[in-house]
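Colleague: Below is the structure I would like to discuss, written out as structure tokens.
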Amino acid sequence: DVVDYLLKPFSFQRFVKAIAKVPIPDHREPKQGTTVNHPPNRQVLFIKSGYEHIKICTDDIRYIKSDADYSEIYVPHKKHLSSEPLRYWLENLPHQFVRIHKSYIINSSKIERIVGNQVYLTENTVIPVGRAYKDSFIQKFVK
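The numbering used here numbers the first residue of the sequence shown as 731 and each following residue consecutively.
See below:
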């Protein structure tokens, strides 16, 4: 059941990436008489924010906003600040994440509607679609 391996010497960032690939089992016991549908293994990543590494499930990320040399990662009811650029997130997140603006990457599973040059996400969030990204975004998601 090997999911990854490390060769010495390795960086801490490479270590965190390998750990994030390990599936997390759900050991909670179901209540008697109930049916449990276990979700498929969710992809997890660790975000370096200051001196700490915060575990986040990629399905929980709504969008990522570029803020100069930092990225703001928005999850329900929270925002995490990371020193990684948007380019890093595009390379390390699943394909459901799409860049729609020079400053925004969105989780396409969180789209509620698209109106003109704006994407409406869950929790009443509106993200602009940049001119340079509009055609490829529309071709991919609007059929």
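C-beta: ideal position from N, C-alpha, C; glycine also.
Note down the Cα distance separating residue 860 from residue 846, rounded to an integer number of angstroms.
Modeller: Taking the straight line from one Cα to the other gives about 11 Å.
Colleague: Who are the near neighbours of residue 840 in its chain, counting only those whose CB is closer than 7 Å to its CB and skipping five residues on each side?
Modeller: Result list for residue 840: 792, 851, 852, in chain order.
Colleague: Here's a check: name, in chain order, each residue in its chain whose Cβ is nearer than 7 Å to the Cβ of residue 757, leaving out the five neighbours to either side.
Modeller: Low confidence applies to residue 757: its pLDDT is 47, below 50, so where it sits in the model is not reliable, and the reading given next is rough at best. So the list is empty, once near-sequence residues are dropped.
Colleague: If you run the structure through DSSP and keep just helix, strand and coil, what is residue 752?
Modeller: Residue 752: coil per DSSP, three-state reduction.
Colleague: Just the C-alpha distance for residue 834 and residue 848, rounded to the nearest angstrom, thanks.
Modeller: Going by the C-alpha atoms only, they are around 12 Å apart.
Colleague: Taking C-alpha atoms, which residue in 832, 824, 738 lies nearest to residue 815?
Modeller: The residue with the shortest Cα to Cα distance from residue 815 is 832.
Colleague: Buried or exposed: residue 829, going by 16 or more other Cβ atoms within 10 Å of its Cβ?
Modeller: By the neighbour-count rule (16 or more Cβ atoms within 10 Å), residue 829 is buried.
Colleague: Following the continuous alpha helix (DSSP H) through residue 740, name the residue where it begins and the one where it ends.
Modeller: Taken as a continuous stretch (DSSP letters only), residue 740 belongs to no alpha helix (DSSP H), as it is neither H nor E.
Colleague: Please report the Cβ distance between residue 789 and residue 806, rounded to the nearest whole angstrom; I am assuming they are in contact, meaning their Cβ atoms lie under 8 Å.
Modeller: Going by Cβ atoms, the distance from residue 789 to residue 806 rounds to 11 Å, so no, they are not a contact pair.
Colleague: Here's a check: name, in chain order, each residue in its chain whose Cβ is nearer than 7 Å to the Cβ of residue 812, leaving out the five neighbours to either side.
Modeller: Same-chain partners within the cutoff: 777, 778, 779, 800, 801, 803.
Colleague: Would you mind stating whether residue 857 and residue 844 have Cβ atoms separated by less than 7 Å?
Modeller: It is not a contact, given that the beta carbons lie outside the stated cut-off.
Colleague: How should residue 794 be labelled, buried or exposed, when 16 other C-beta atoms within 10 angstroms of its C-beta is the threshold for buried?
Modeller: Label assigned to residue 794: buried.
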